[in-house]
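Undergrad:
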Amino acid sequence: MQEKRKKIIQLDFLLQQIAKENNCRLQNILPKNITLTQYFLLSIIKNNPNCKAADIANLLNISPAAITYMIDKLYKNNWLERIRNEEDRRVVWLKLTESGEKILLEVEKRKVDLALECFKNTSDEEIDFLLSILAKVLDSQQKTEG
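With this note's numbering applied, the sequence shown corresponds to residues 82 to 227, in that order.
#1: Please state whether the Cβ-Cβ distance between I152 and A134 is less than 8 Å.
#2: Does L177 come out as helix, strand or coil in the three-state DSSP assignment?
#3: Give the single residue among L122, N128, R106 whose Cα lies nearest to the Cα of A196.
#4: Note the first and the last residue of the continuous alpha helix (DSSP H) segment covering L211.
#5: Tell me, which residues are paired with I164 by DSSP?
#6: Does the stretch 187-201 come close enough to the stretch 160-179 to have 3 or more Cβ pairs within less than 8 Å?
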């Protein structure tokens, strides 16, 4: 059991280093007019249709004021629109504009190219094995959330 614990600690360290390195590389490939945080927000909005600012604040565990500030910047860049609920005018949904979709698509393409470069010395079998292991870990985490 002690040996497994050491390996898990080592694995945790490697995953943190990979995430850190990935964020640095991603920052370097972003178009000059978008920040990493803005990219993440656009991605969240794209993947969560009809989300509200409060939903994103809860998801990211940040204050409503902070998320409003960030969303205002996306709005000023014409990357998202605010859509008021006709039945309850207090409810405002966030949706990407065509321009927001375009910049997100550009970043996603660069991100895939970056990932392909990172895995260029990895066989299909190794990638399949890694996918299998990571899916198991995620499944285990989701089952133990509570």
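The beta-carbon is built from N, C-alpha and C at its ideal position, and this holds for glycine as well.
TA: On the basis of the supplied data:
#1: yes
#2: strand
#3: R106
#4: 205-225
#5: W174
#6: no
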